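Colleague:
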Amino acid sequence: MSSANYEALLTRVKEKHSVKTSSGERFEAPVFIIALVGSKTFIKNFEEVAEKLRRPKEFLAKFLFKELATPGALQGRELILHAKLQPRLMQEKLASFITRMVMCKECGKPDTHLEHGGRHVEFIVCEACGARRPAL
C-alpha cells in the first residue's frame with residue numbers, strides 16, 4: 242500500500258469515526274431547578290445537586306440558610322426556603338458553595354470529600370493532592 246493511499250484511508254476513518262470532544266473539563270457545576278410559590282422558594286433537585294457535589298444535603302442546606310439569612314427545611318428530595326428569592330441569587334450562592342466548599346484551594350480540582358475531625362469540625366480533604374483544610 243502506498244503512503245498516499247494510506248493517508249487517504251486514515252483521513253477517511255478519522256472523518257467517519259470522529260469523537261466529539263467536550264470543553265476538557267470533567268466537572269460540570271450543577272444548576273438548581275427552582276420554583277417560586279407564594280412567599281417560598283422550592284429547590285426541586287436539591288438532593289441530586291448535593292449528591293453530584295459529594296456533600297451531605299444537610300451540609301449544603303446549612304450553608305444556604307446562613308448565606309441567605311433565611312430559614313428553611315429539607316422535605317424529601319427538595320429544599321424549601323421561607324423567602325421569595327431570585328433564581329439568579331440562588332445560582333450565585335451555589336457557585337460560592339462550590340468555590341469555597343468543594344474545589345481544592347491548592348490544586349483547584351473538585352476531587353474532595355468531607356472528613357469529620359472531632360469537636361464539630363469538618364475538614365475538606367483533596368483526593369488529588371492530599372491538601373486538608375477546615376470547612377468554614
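The sequence shown begins at 242 in the working numbering and counts up by one.
Note that beta-carbon positions come from the ideal geometry of N, C-alpha and C, so glycine has one too.
For clarity, every value in this text was computed on a predicted model and none was experimentally measured.
Give me the Cβ distance between L250 and T282, rounded to the nearest whole Å; I'm assuming they're in contact under 8 Å.
Modeller: Not quite, the Cβ-Cβ distance comes to about 58 Å (not below 8 Å), so this is no contact.
Colleague: Quick check on C348: buried or exposed, where buried means 16 or more other Cβ atoms within 10 Å of its Cβ?
Modeller: Exposed is the call here.
Colleague: Which whole runs of the beta strand (DSSP E) in the stretch 314 to 363 are 3 residues long or more, in chain order?
Modeller: The qualifying runs are 319 to 322, 353 to 357.
Colleague: Considering V278, what are the terminal residues of the alpha helix (DSSP H) in which it resides?
Modeller: No alpha helix (DSSP H) holds V278; the beta strand (DSSP E) holding it covers 275 to 278.
Colleague: Quickly, what does DSSP pair A366 with across the bridge? List them, please.
Modeller: Reading the sequence as shown, one finds Val at residue 366 and not Ala. V366 pairs with H354, R373.
Colleague: Which same chain residues end up closer than 8 Å to S263 when comparing Cβ atoms and leaving out the 5 residues on each side of it in sequence?
Modeller: Its pLDDT being 46, under 50, S263 is placed unreliably in this model, and the value from its coordinates should be taken loosely. Answer for S263: no residue qualifies.
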